[in-house]
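Here our numbering = 1-based position in the sequence shown + 1. Note that CB positions come from ideal geometry on N, CA and C, so glycine has one too. See below for the structure under consideration.
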Amino acid sequence: MPGCPPVPTVITGVLAHFLTFGSIPELDELGRPKVFYGQSIHDRCYRRPFYDKGLFAETFDDEGAKKGWCLYRLGCKGPMTYNACATLKWNQQTSWPVESGHGCLGCSEPNFWDAGGFYQALSIPEGDYAKMAGYAVAGGVVLGAAAGYANQKTKADSVSKHTEVSVDDFSINNR
Ligand code: SF4
2 MPGCPPVPTV ITGVLAHFLT FGSIPELDEL GRPKVFYGQS IHDRCYRRPF YDKGLFAETF
62 DDEGAKKGWC LYRLGCKGPM TYNACATLKW NQQTSWPVES GHGCLGCSEP NFWDAGGFYQ
122 ALSIPEGDYA KMAGYAVAGG VVLGAAAGYA NQKTKADSVS KHTEVSVDDF SINNR
């Protein structure tokens, strides 16, 4: 159970599973229980709608930060990190790093500590997010059922518009 430290609920959950069933839960390719490490922080983050719209805090005290915008450009490693912080949170579900205003550090990933600067963005988004979001909304209004597809495409376009320095910066190519 990786983490710095691991989420207490994760530790308890794995122990409870072992005591109940006599075995450990199904593991991923890195030996982490899939039930807790099966999805990325990014996919469960409550700031994700801001990421999808291209709304990013540029400093820790600018207007974007005060409005709760995405912390990607401030070095958040949520897109490359698999853990349960975004759903289980910490201290009896009081909060978690991104909710407190700081990006995810990627502590449950291989080579943590030696995987690049905490405040170095994985990459810089290059797309026209406002334009893409506008297309998605327009598609939803006009086409109804097509809205889901349009929004999915907007996400895919947003992701594909990032430069490829991201993975190298984070040094987890061995996943
Ligand atoms: S980049 Fe970080 S703050 Fe932004 S949506 Fe992903 S996990 Fe949340």
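Same chain, Cβ closer than 7 Å to residue i, five either side skipped, listed in chain order
i          : result
residue 80 : 41, 43 and 123
residue 82 : 41, 42, 105, 107, 109 and 110
residue 96 : 90
residue 10 : 89
Expected contact under 8 Å - CB spacing of residue i and residue j to nearest Å
i           : j          : result
residue 38  : residue 84 : 6 Å
residue 105 : residue 99 : 6 Å
residue 25  : residue 18 : 7 Å
residue 89  : residue 15 : Residue 89 to residue 15, Cβ: 13 Å. No contact.
residue 69  : residue 48 : 6 Å
Same chain only: Cβ atoms within 8 Å of residue i, ignoring 5 sequence neighbours per side
i          : result
residue 28 : 34 and 35
Exposure of residue i, with buried meaning 16 or more beta-carbon neighbours within 10 Å
i           : result
residue 65  : buried
residue 72  : buried
residue 78  : buried
residue 75  : buried
residue 114 : exposed
residue 22  : exposed
residue 118 : exposed
residue 5   : exposed
residue 144 : Reliability fails at residue 144, whose pLDDT of 32 lies under 50, so the model's placement of it is uncertain and no value is given.
residue 155 : Any reading at residue 155 needs caution, since the residue's pLDDT is 43, under 50, leaving its predicted position unreliable; the model's value is listed next. Looking at its Cβ environment, which holds 16 or more other Cβ atoms inside 10 Å, residue 155 is buried.
Residues near residue i in its chain [Cβ-Cβ closer than 6 Å; skip 5 each side]
i           : result
residue 150 : Confidence in residue 150 is poor, its pLDDT being 41 and thus under 50, which makes the residue's placement unreliable; the coordinate value appears in the next sentence. So no residue of the chain qualifies.
residue 61  : none
query = Whose beta carbon lies closer than 6 Å to any heavy atom of the ligand SF4, going through the chain in order?
reply = That query returns the following residues: 42, 43, 46, 48, 49, 52, 71, 72, 73, 77, 79, 80, 99, 104 and 105.
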